[in-house]
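**Q** Questions regarding the structure given below will be posed in turn.
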Amino acid sequence: MGRAIAIANQKGGVGKTTTSINLSATLAEKGKRVLVIDTDPQGNTTSGFGLNKNQLENTIYELLIGECSVTDALYQNVVDGVDIIPSNVNLAAVEIELIDMEEKEFILKKSIDTIRDNYDFIIIDCPPSLSMLTINAMTTANTVLVPIQCEYYALEGLSQLVHTVNLVKERLNNSLEMEGVIFTMYDSRTNLSMQVVENVKDHISENVYKTIIPRNIRLAEAPSYGLPINLYDTRSAGAEAYRLLADEVIGRKF
Numbered sequence: 016m017g018r019a020i021a022i023a024n025q026k027g028g029v030g031k032t033t034t035s036i037n038l039s040a041t042l043a044e045k046g047k048r049v050l051v052i053d054t055d056p057q058g059n060t061t062s063g064f065g066l067n068k069n070q071l072e073n074t075i076y077e078l079l080i081g082e083c084s085v086t087d088a089l090y091q092n093v094v095d096g097v098d099i100i101p102s103n104v105n106l107a108a109v110e111i112e113l114i115d116m117e118e119k120e121f122i123l124k125k126s127i128d129t130i131r132d133n134y135d136f137i138i139i140d141c142p143p144s145l146s147m148l149t150i151n152a153m154t155t156a157n158t159v160l161v162p163i164q165c166e167y168y169a170l171e172g173l174s175q176l177v178h179t180v181n182l183v184k185e186r187l188n189n190s191l192e193m194e195g196v197i198f199t200m201y202d203s204r205t206n207l208s209m210q211v212v213e214n215v216k217d218h219i220s221e222n223v224y225k226t227i228i229p230r231n232i233r234l235a236e237a238p239s240y241g242l243p244i245n246l247y248d249t250r251s252a253g254a255e256a257y258r259l260l261a262d263e264v265i266g267r268k269f
């Protein structure tokens, strides 16, 4: 059964989408079968895999409101070994559509459970808010991975996210665990990045991944070419970092 990881942080710009794309691609590179689910109305994970998000017949929006099946919403082998359920701006309206639906927190889970056994890993890119979309991601997930940018306000909002994870665990998904924290946009030339890493480690009890994702030009360029970093520049520091993260994720046992 596929291990589902929700990549969440209500702060924007911390590397959720970058991590969703590149962790998925490097897991696939290591022979794992991966499903990516884009639950962010911005659809950046979708376009980061080279899909034109404005020309898709079926997306997660149609899936959540019952207009298509999970197989209809699935785009296979967007890169070798990676399937995706894409997103676009239509998803922004889904909260209103779901208001009167029964068990609206579990709509995504019910769909994904029918195909979960087809995958080793299911990576869910969450929107930068603690919304019904994020709740659906967390009821579907086994674990929550939190990217944290190496900047001054890194810890801001983390306690709120951990509180949300605990609430979901208590009330909706009692098997949900914290996968851990991954540091992103690390600049080894600055004292601040090093201080942030030490500060976060001192203040949280969650698992902190050893791999640290560097601030890397090639990593920033790759999405505009619709490619994950391991295909865009396989020898870059960003590609190597995400390969190391994939090894760590594979090695974790829950």
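Residues 16 to 269, numbered by this note's numbering, are exactly what the sequence shown covers, in order.
Just so you know, even glycine gets a beta-carbon here, dropped at the ideal spot from N, CA and C.
Could you tell me which whole alpha helix (DSSP H) segments of length 4 or greater appear in the segment 96 to 180?
**A** 109 to 113, 122 to 128 and 147 to 155
**Q** Secondary structure at Ala-40, three-state DSSP: helix, strand or coil?
**A** Working through the sequence shown from its first residue, we reach residue 40 at position 25. Ala-40: helix per DSSP, three-state reduction.
**Q** Under the three-state reduction of DSSP, which class applies to Asp-53: helix, strand or coil?
**A** For the purposes of this step, residue 53 is taken as the residue at position 38 of the sequence shown. In the structure shown, Asp-53 sits in a strand (DSSP, three-state: E or B).
**Q** Leaving out the 5 sequence neighbours to the left and right, which residues in its chain are closer than 6 Å to Ser-190 when beta-carbon positions are compared?
**A** The residue given as residue 190 occupies position 175 in the sequence shown. Closer than 6 Å at the Cβ level, and outside the excluded window around Ser-190, lies no residue.
**Q** How big is the Cα-Cα spacing for Pro-101 and Tyr-76?
**A** Start at 1 with the first residue of the sequence shown, and residue 101 comes out as number 86. Start at 1 with the first residue of the sequence shown, and residue 76 comes out as number 61. Near 9 Å, if we compare the C-alpha coordinates of Tyr-76 and Pro-101.
**Q** When the Cα of Gln-164 is compared with those of Arg-230, Val-264 and Asn-73, which residue comes out closest?
**A** Locating residue 164 in the sequence shown gives position 149, counting from the first residue. Residue Arg-230 is the option with its Cα nearest to Gln-164.
**Q** Less than 6 Å between C-beta atoms, sequence neighbours within five positions excluded: which residues of the same chain meet that for Ala-237?
**A** Against the sequence shown, residue 237 aligns to sequence position 222. Hits under 6 Å: Ile-244 and Tyr-247.
**Q** Within its chain, find whatever has a CB closer than 7 Å to the CB of Arg-233; leave out the 5 residues flanking it on each side and keep chain order.
**A** On the sequence shown, position 218 is the one that residue 233 refers to. The answer, listed in chain order, is Ile-244, Tyr-247, Asp-248, Ser-251 and Gly-253.
**Q** So, does the segment 176 to 193 touch the segment 126 to 144, judging by three or more C-beta pairs under 8 Å?
**A** no
**Q** Am I right that Ala-19 and Ala-156 are in contact with their C-beta atoms under 8 Å? What's the rounded C-beta distance?
**A** What you label residue 19 is simply residue 4 of the sequence shown in a count that begins at 1. What you label residue 156 is simply residue 141 of the sequence shown in a count that begins at 1. Correct: roughly 4 Å between the Cβ atoms.
**Q** When the Cα of Leu-106 is compared with those of Asn-73, Ile-127, Val-94 and Thr-86, which residue comes out closest?
**A** Position 91 of the sequence shown, counting from 1, holds the residue named residue 106. Comparing Cα-Cα distances from Leu-106 to each of Asn-73, Ile-127, Val-94 and Thr-86, the minimum goes to Asn-73.
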